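J.: Chains as they are written, first to last, in numbering that gives the first Met the number 0: chain A, 0 to 485; chain B, 0 to 40; chain C, 0 to 110.
Note that beta-carbon positions come from the ideal geometry of N, C-alpha and C, so glycine has one too.
No experiment lies behind these values; they were computed from the predicted model shown.
Just passing along the structure, written as structure tokens.
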Amino acid sequence: MSDPVIKACSHVLIHVPSLVRYGSKPSREIDDGMSPVLSAIETHLRSFEEAVTYPPNQVVIGNLHPDHLNDIEKPWYRSPVEGASRYGAYGEIMPEEEFLGLMKLADDFDLMWIGKETAPMLRGSLQTHPFRKDLDSGKIEGGVEMARILERIQNHGSLPLYHRGCVVGCMHRHHDKDDALKAQVLMENLVTKASGALALMHLLKKADIEATDIDLLLNCSEEAVGDRYNRGGGGLAKAIGEMCGCVSATGCDIKAFCVGPLYALMHAVGLVTSGLFKKIVVVGGGSLAKLGMKFKGHLAKDMPILEDVLGGLAFLVTGDDGESPLVRMDSVGKHDIGSGSSQQSIMESLVLKPLDRMGKKITDVDKYAVELQNPEVTAPAGSGNVPLTNYRMIGALAVLRKEIEREEIDRFVLEHGMPGFSPTQGHIPAAVSFLGHAIAAIKRGKMNNAMFVARGSLFLGRMTQLSDGLSFLIEKNPGGRVPNPL
Amino acid sequence: MLKGKKVIVFGERDGVPGPAIAVCMKAAGAEVILTVTECFV
Amino acid sequence: MDTEKQTIIKKLVDEMGIQDLVVVIGAADPEVAQVTAETVTFGDPSFAGPLAGVSLRLPVYHILEPEVKKAVPQDVYQEQAGFMELVADTEEIGKRFKEIRNRIQEAEHSA
Numbered sequence: 000m001s002d003p004v005i006k007a008c009s010h011v012l013i014h015v016p017s018l019v020r021y022g023s024k025p026s027r028e029i030d031d032g033m034s035p036v037l038s039a040i041e042t043h044l045r046s047f048e049e050a051v052t053y054p055p056n057q058v059v060i061g062n063l064h065p066d067h068l069n070d071i072e073k074p075w076y077r078s079p080v081e082g083a084s085r086y087g088a089y090g091e092i093m094p095e096e097e098f099l100g101l102m103k104l105a106d107d108f109d110l111m112w113i114g115k116e117t118a119p120m121l122r123g124s125l126q127t128h129p130f131r132k133d134l135d136s137g138k139i140e141g142g143v144e145m146a147r148i149l150e151r152i153q154n155h156g157s158l159p160l161y162h163r164g165c166v167v168g169c170m171h172r173h174h175d176k177d178d179a180l181k182a183q184v185l186m187e188n189l190v191t192k193a194s195g196a197l198a199l200m201h202l203l204k205k206a207d208i209e210a211t212d213i214d215l216l217l218n219c220s221e222e223a224v225g226d227r228y229n230r231g232g233g234g235l236a237k238a239i240g241e242m243c244g245c246v247s248a249t250g251c252d253i254k255a256f257c258v259g260p261l262y263a264l265m266h267a268v269g270l271v272t273s274g275l276f277k278k279i280v281v282v283g284g285g286s287l288a289k290l291g292m293k294f295k296g297h298l299a300k301d302m303p304i305l306e307d308v309l310g311g312l313a314f315l316v317t318g319d320d321g322e323s324p325l326v327r328m329d330s331v332g333k334h335d336i337g338s339g340s341s342q343q344s345i346m347e348s349l350v351l352k353p354l355d356r357m358g359k360k361i362t363d364v365d366k367y368a369v370e371l372q373n374p375e376v377t378a379p380a381g382s383g384n385v386p387l388t389n390y391r392m393i394g395a396l397a398v399l400r401k402e403i404e405r406e407e408i409d410r411f412v413l414e415h416g417m418p419g420f421s422p423t424q425g426h427i428p429a430a431v432s433f434l435g436h437a438i439a440a441i442k443r444g445k446m447n448n449a450m451f452v453a454r455g456s457l458f459l460g461r462m463t464q465l466s467d468g469l470s471f472l473i474e475k476n477p478g479g480r481v482p483n484p485l
Numbered sequence: 000m001l002k003g004k005k006v007i008v009f010g011e012r013d014g015v016p017g018p019a020i021a022v023c024m025k026a027a028g029a030e031v032i033l034t035v036t037e038c039f040v
Numbered sequence: 000m001d002t003e004k005q006t007i008i009k010k011l012v013d014e015m016g017i018q019d020l021v022v023v024i025g026a027a028d029p030e031v032a033q034v035t036a037e038t039v040t041f042g043d044p045s046f047a048g049p050l051a052g053v054s055l056r057l058p059v060y061h062i063l064e065p066e067v068k069k070a071v072p073q074d075v076y077q078e079q080a081g082f083m084e085l086v087a088d089t090e091e092i093g094k095r096f097k098e099i100r101n102r103i104q105e106a107e108h109s110a
């Protein structure tokens with residue numbers, strides 16, 4: 000039986016400056032009330048146009064190849080891309096007013112109220128979207144009196160929703176004593192559902208298939224959807240699938256910190272290969288909690304707060320179609336529990352072991368996708384350049400294997416790596432943000448293969464000191480095989 | 000230099016992780032009193 | 000460094016004193032390692048956490064410094080950390096950590 004393929008993918012960003020205040024770090028700092036944090040945040044937010052023309056964002060949606068960032072003058076936020084579009088080969092950058100409307104469409108429990116004055120504007124903004132036919136914008140209806148919204152905010156633990164500096168609605172809590180159903184948590188979950196759904200809508204269009212053809216959805220978002228008895232219980236996969244009309248699909252959530260997307264893809268390729276499912280979607284929505292995570296570093300440098308976008312991604316895994324890149328089933332590299340914490344042994348497990356199994360050298364892989372966080376976001380906050388360190392590790396393995404000299408590590412990184420371009424949305428930058436570019440380049444014959452290596456920080460949950468990692472390789476489809484009739 | 004010392008370990012997931020440093024410290028005869036691994040993303 | 004970790008360190012120092020206490024850091028980026036080192040020695044540079052304005056003056060080393068390497072059995076060191084010598088700028092790290100330790104000594108002399 001031939002290996003399965005990743006047939007299509009989508010990558011979306013959503014510009015939500017008004018939600019930055021609800022990121023975990025900003026909201027904690029605002030609550031502390033030590034300094035005028037909120038006004039400093041507001042004066043350092045970007046306009047939609049600035050977010051669209053920001054070079055790394057253009058890379059995410061597929062209008063610019065990651066390698067192009069090497070030629071763009073830094074800081075990138077002062078080098079807007081001329082002729083940038085909000086739409087790209089893999090998805091789009093959605094503005095806030097459209098997304099607030101989309102959140103309301105995702106809301107099946109009247110968790111979110113929109114003001115009477117704002118509702119027509121949100122409805123109108125969605126009516127100009129290319130997916131307007133699939134979006135039942137009538138669900139936004141007439142909106143709620145502002146006095147009622149303010150009363151809920153004042154007396155019932157509802158959180159105000161802002162747009163362009165004004166309160167335009169609110170988000171309710173859904174249980175008086177259940178922290179898993181408080182307004183902040185429900186907002187996080189609804190944001191993830193709506194952004195995941197946007198990614199899935201783009202995927203269905205790109206793949207040119209009917210929503211009803213999908214038979215399994217695996218959600219790899221990071222949010223803990225559930226209630227007090229079942230925090231993190233799940234259900235986002237089906238929530239997202241339901242919103243997009245995937246009525247023939249079932250689904251579940253796969254959780255593994257930032258490595259979630261790779262675990263979900265690993266499950267998907269395994270289940271397609273086994274024949275249990277035919278067309279599997281891996282989908283992940285954005286992380287509200289991570290908005291503005293490094294904002295203090297950005298404020299200190301008087302630069303715009305760059306973590307003002309949510310991410311979303313979706314992949315379609317099917318049997319061999321004779322043209323899409325194959326996921327080599329013998330390429331999965333895993334960080335075993337017994338791999339220990341030595342960086343060398345972790346990287347050998349993730350990179351060398353699978354390459355040895357496939358009879359490939361390190362330099363045989365055209366491009367490695369590692370943790371791809373945008374260094375312009377992390378470095379000003381004293382968090383370094385995470386992709387570069389990871390690329391140097393793979394280069395160091397090549398030195399130990401005597402494939403290159405130590406002096407050649409920098410060149411190896413330039414040729415087999417790329418600058419980080421992804422927003423710090425946890426699972427979104429975890430290697431898979433390069434999948435769109437990789438599939439396109441392999442299909443066009445510009446590349447033969449690419450290896451995806453993601454890392455996870457299990458220790459953050461305080462249940463183990465272990466970290467985690469997973470990897471796989473995709474390669475050019477030799478074609479000529481009889482396409483899988485299913 | 001480390002023998003008999005009490006060590007606080009601050010490792011990094013994408014650098015030398017905390018538990019890896021802790022193994023080195025114990026081998027050097029030090030007592031590890033805290034192991035932390037940082038994840039900057 | 001987040002405030003929670005600063006709280007833990009401050010508590011440890013309050014309980015045990017700084018006698019015989021050493022901090023060892025493993026961040027690969029010299030800048031990142033330096034910020035962590037300075038936080039535990041001279042206080043929180045962002046003046047926000049429990050270590051804001053608290054100068055613990057703990058001796059601080061990086062695992063990739065030659066002094067530390069010499070103190071660890073070589074087979075163990077190679078297995079656990081040696082690989083990162085190829086990845087990180089060990090010279091720059093050594094320079095910055097030496098400078099921090101010198102500043103601690105100066106601060107002690109002038110105290």
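#1: When you compare each of Y89/A, I148/A, E91/A, S136/A to W112/A by their alpha carbons, which one comes out closest?
#2: When the cut-off is 7 Å and only beta carbons count, does V369/A lie next to chain B?
#3: For L485/A, collect the residues of the same chain with a Cβ closer than 6 Å to its Cβ; drop the 5 residues on either side in sequence, then sort them by chain order.
#4: Mind pulling the chain A residues with CB within less than 8 Å of G3/B?
#5: In the DSSP assignment, find the unbroken alpha helix (DSSP H) run with I92/C in it and report its ends.
#6: So what does DSSP say about P477/A, is it helix, strand or coil?
#7: List the residues of chain A that F41/C touches, going by C-beta distances under 9 Å, in chain order.
#8: In three-state terms, what does DSSP make of E187/A?
#9: Could you please tell me which residues of the region 438-466 of chain A, in chain order, have their CB closer than 7 Å to any CB of chain C?
#10: Classify P3/A as buried or exposed, calling it buried when 16 or more other Cβ atoms lie within 10 Å of its own Cβ.
#11: Counting only beta-carbon separations shorter than 7 Å, does Q372/A have a partner in chain B?
#12: So, are the CB atoms of P25/A and I40/A less than 7 Å apart?
#13: Can you list, in chain order, the residues of its chain whose CB lies under 8 Å from that of E375/A, leaving out five sequence neighbours each side?
#14: Using DSSP's beta-bridge definition, name the partner residues of K333/A.
#15: Quick one: Cα of L134/A to Cα of K10/C, how far?
#16: Check whether the Cβ of A26/B lies closer than 7 Å to any Cβ atom in chain A.
#17: Hey, quick one: how far does the alpha helix (DSSP H) through D13/C stretch, first residue to last?
#18: Going by beta carbon distance, what residues of the same chain come within less than 7 Å of N69/A, once the five residues before and after it are set aside?
#19: So the candidates are L1/B, E11/B, G3/B, K2/B; which of them puts its Cα closest to the Cα of T34/B?
#20: Does any residue of chain C bring its CB to less than 7 Å from the CB of C23/B?
#21: Per DSSP, what are the beta-bridge partners of Y86/A in this structure?
#22: Could you give the DSSP three-state label for I393/A: helix, strand or coil?
#23: Leaving out the 5 sequence neighbours to the left and right, which residues in its chain are closer than 7 Å to F98/A when beta-carbon positions are compared?
#24: For L50/C, does the count of other Cβ atoms within 10 angstroms reach 16, so buried, or fall short, so exposed?
#25: According to the neighbour-count rule (16 or more other Cβ atoms, all chains shown, within 10 Å of its Cβ), is G491/A buried or exposed?
#26: Whole angstroms are fine: how far does the CA of M0/C sit from the CA of V40/B?
#27: Tell me, please, whether the region 408-424 of chain A touches the region 48-68 of chain A by the rule of three or more beta-carbon pairs shorter than 8 Å.
#28: Just to check my reading of the structure: G240/A and L216/A have Cβ atoms closer than 8 Å, yes? What is that Cβ distance to the nearest angstrom?
#29: Alpha carbon to alpha carbon, what distance is there between D329/A and D519/A?
#30: Of the residues that make up the region 375-386 of chain A, which ones have a beta carbon closer than 7 Å to any beta carbon in chain E?
#31: State the DSSP-derived secondary structure class of N70/A, mapped to helix, strand or coil.
#32: With 16 other CB atoms within 10 Å as the buried threshold, where does V246/A fall?
#33: Does any CB atom of chain C fall closer than 7 Å to the CB of M392/A?
#34: Check this for me: beta carbons of V143/A and I213/A, under 7 Å apart or not?
#35: Between the alpha carbons of R122/A and D175/A, how many angstroms are there, rounded?
T.: To lay it out plainly:
#1: I148/A
#2: no
#3: Note that L485/A has pLDDT 47, beneath the 50 cutoff, so the model's placement of it is unreliable and no number is given.
#4: Correct list: empty, because the minimum Cβ distance to chain A is about 24 Å.
#5: 89-109
#6: coil
#7: Going along chain A, no residue has its Cβ under 9 Å from F41/C, so there is no contact; the nearest lies around 15 Å.
#8: helix
#9: none
#10: buried
#11: yes
#12: yes
#13: P55, K73, P74, W75, Y76, L305
#14: L469/A
#15: 55 Å
#16: no
#17: 2-15
#18: P418
#19: E11/B
#20: yes
#21: E91/A
#22: helix
#23: I13, V15, A193
#24: buried
#25: Any answer about residue 491/A is impossible in this case: the structure gives chain A only from 0 up to 485.
#26: 12 Å
#27: yes
#28: 4 Å
#29: This structure gives no information on residue 519/A, because the portion of chain A shown stretches from 0 to 485.
#30: In summary, chain E is missing from the structure at hand, where the protein chains are A, B and C.
#31: Just to set this straight, residue 70/A is Asp in the shown sequence, not Asn. Helix.
#32: exposed
#33: yes
#34: no
#35: 31 Å
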